[in-house]
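J.:
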Amino acid sequence: DQQVKQNSPSLSVQEGRISILNCDYTNSMFDYFLWYKKYPAEGPTFLISISSIKDKNEDGRFTVFLNKSAKHLSLHIVPSQPGDSAVYFCAAVDYNTDKLIFGTGTRLQVFP
Amino acid sequence: GAGVSQSPSNKVTEKGKDVELRCDPISGHTALYWYRQSLGQGLEFLIYFQGNSAPDKSGLPSDRFSAERTGGSVSTLTIQRTQQEDSAVYLCASTATGRYGYTFGSGTRLTVV
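As given, the protein sequences belong to chains G and X, one line each in that order. In terms of my numbering, the first sequence opens at residue 157 and continues consecutively. In terms of my numbering, the second sequence opens at residue 21 and continues consecutively.
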């Protein structure tokens with residue numbers, strides 16, 4: 157069963173607009189959430205994270221929102237740039253095991 | 021080293037052969053993960069090493085897969101009697117604290133023909 161779900165396999169956004177990537181999870185023992193970005197032929201790179209005690213974390217153009225009651229988080233990128241085109245993975249850490257579980261990824265394409 | 025190093029970067033093998041994939045984590049990182057990404061799929065958890073604790077092998081897809089971590093540093097993922105469905109990119113990640121700042125290697129692309 158998929159504990160971390162990214163229901164949109166792809167997203168296309170115009171340069172300068174906002175990109176919103178969504179992630180849902182089922183395990184209530186997840187207490188820390190991360191977003192990773194992956195370019196082809198490279199390993200994923202850490203982008204931004206959020207603890208379950210917060211509902212928002214911002215870093216430059218990137219903001220992650222967490223809605224614990226809905227078991228939902230989202231990544232906002234604004235303004236979107238062509239260099240943001242990549243696959244974005246949502247990940248969650250299980251409080252009991254420290255195991256990092258990834259979603260299936262969303263491919264973001266930012267066009268001029 | 022400065023990052024997580026994986027070797028080889030590419031491996032083509034014949035069905036039925038055994039392969040070994042190597043991961044050199046960042047020095048001092050106590051936690052090490054193996055994941056794989058099949059074509060069009062997400063990152064599938066395989067195995068997790070944390071310090072001297074017994075590894076979490078719950079993600080290994082079959083008994084043809086095994087992994088070890090010697091001296092708390094280098095890890096080797098071994099796939100015996102490879103099958104075509106084993107074709108994927110195998111990624112290794114390490115972290116110092118077990119939950120923050122996971123650093124990934126560039127992966128090993130395994131192709132079973």
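Cβ coordinates follow ideal geometry from the N, Cα and C atoms, glycine included.
From the DSSP output, in three-state form, read off X:Asp106 for me.
T.: The answer is helix: DSSP assigns X:Asp106 an H, G or I state.
J.: I'd like the list of long-range same chain contacts for G:Tyr195, defined as Cβ closer than 7 angstroms, with 5 residues on each side in sequence excluded.
T.: Counting only Cβ-Cβ distances below 7 angstroms, and skipping sequence neighbours, we find Ala242.
J.: For X:Ile67, which residues from the same chain have a beta carbon less than 7 angstroms from its beta carbon, with the 5 sequence-adjacent residues on both sides left out?
T.: Closer than 7 angstroms at Cβ, skipping near neighbours: Trp54, Pro75, Asp76, Lys77, Gly79, Leu80 and Ala87.
J.: Among G:Arg173, G:Ser208 and G:Gly239, which has the Cα closest to the Cα of G:Lys224?
T.: Residue G:Ser208 is the option with its Cα nearest to G:Lys224.
J.: Could you work out which residues of chain X lie near G:Asp215, taking near to mean beta carbons separated by less than 7 angstroms?
T.: Within 7 angstroms Cβ-Cβ: nothing; G:Asp215 doesn't reach chain X, min ~14 angstroms.
J.: Relative to chain X, which residues along the stretch 249-268 of chain G have a C-beta separation below 7 angstroms, given in chain order?
T.: Residues Val249, Thr253, Asp254, Lys255, Leu256, Ile257, Phe258, Gly259, Thr260 and Gly261.
J.: In angstroms with no decimal places, state the Cα-to-Cα distance between X:Gly125 and X:Leu41.
T.: Their Cα atoms are separated by approximately 12 angstroms.
J.: Might you give, ordered along the chain, the residues of its own chain that have their beta carbon closer than 7 angstroms to the beta carbon of G:Gly261, omitting 5 neighbours on each side?
T.: Correct list, in chain order: Gln162, Val243, Tyr244 and Phe245.
J.: Note down, in chain order, every chain X residue with its Cβ under 7 angstroms from the Cβ of G:Gly199.
T.: Within 7 angstroms Cβ-Cβ: Leu111, Phe124, Gly125, Ser126 and Gly127.
J.: Quick one: does G:Phe152 have its CB under 8 angstroms from some CB of chain X?
T.: Beyond the ends of chain G as shown, which are 157 and 268, falls residue 152 of chain G; an answer cannot be given.
J.: When you compare each of X:Val109, X:Gly60, X:Ile46 and X:His49 to X:Thr131 by their alpha carbons, which one comes out closest?
T.: Residue X:Val109 is the option with its Cα nearest to X:Thr131.
J.: Output, in sequence order along the chain, the residues in the stretch 51-75 of chain X whose CB is closer than 9 angstroms to any CB in chain G.
T.: Cβ contacts with chain G come from Ala51, Tyr53, Tyr55, Gln57, Gly60, Gln61, Gly62, Leu63, Glu64, Phe65, Tyr68 and Gln70.
J.: Pull up the distance between the alpha-carbon of G:Lys293 and that of X:Thr98, whole angstroms please.
T.: Nothing can be reported for residue 293 of chain G: it is not among the residues displayed for chain G, which extend from 157 to 268.
J.: For a test of the three-state rule: what should DSSP assign to G:Asp215, helix, strand or coil?
T.: It is a strand residue.
J.: Taking Cβ positions, are G:Phe221 and G:Leu203 nearer each other than 8 angstroms?
T.: Taking 8 angstroms as the Cβ cut-off, G:Phe221 and G:Leu203 do not qualify as a contacting pair.
J.: Assuming G:Cys179 contacts G:Leu229 under a Cβ cut-off of 8 angstroms, what Cβ separation, rounded to an integer in Å, is found between them?
T.: Contact holds; Cβ gap of about 5 angstroms.
J.: G:Lys193: buried (16+ other C-beta within 10 angstroms of its C-beta) or exposed?
T.: By the neighbour-count rule (16 or more Cβ atoms within 10 Å), G:Lys193 is buried.
J.: Please compile the residues from chain X whose C-beta is within a distance smaller than 9 angstroms of the C-beta of G:Phe245.
T.: Those are Gly62 and Leu63, listed as they occur along chain X.
J.: Could you give the first and the last residue of the continuous beta strand (DSSP E) run that contains G:Arg263?
T.: That run of the beta strand (DSSP E) goes Thr262 to Phe267.
J.: Could you give the C-beta distance for G:Val249 and G:Tyr181, rounded to a whole number, given that I count them as a contact under 8 angstroms?
T.: That pair is no contact at about 11 angstroms.
J.: For the candidate residues G:Gly172, G:Ser166 and G:Ile176, whose alpha-carbon lies nearest to that of G:Pro268?
T.: For G:Pro268, the nearest C-alpha among the options comes from G:Gly172.
J.: Residues in the same chain with beta-carbon distance under 6 angstroms from X:Arg101, minus the five sequence neighbours each way, listed in chain order, please.
T.: Excluding sequence neighbours, X:Arg101 sits near Gly36 and Arg84.
J.: Can you name the residues of chain G whose CB is closer than 8 angstroms to the CB of X:Gly48?
T.: None at all; the shortest Cβ gap to chain G is about 17 angstroms.
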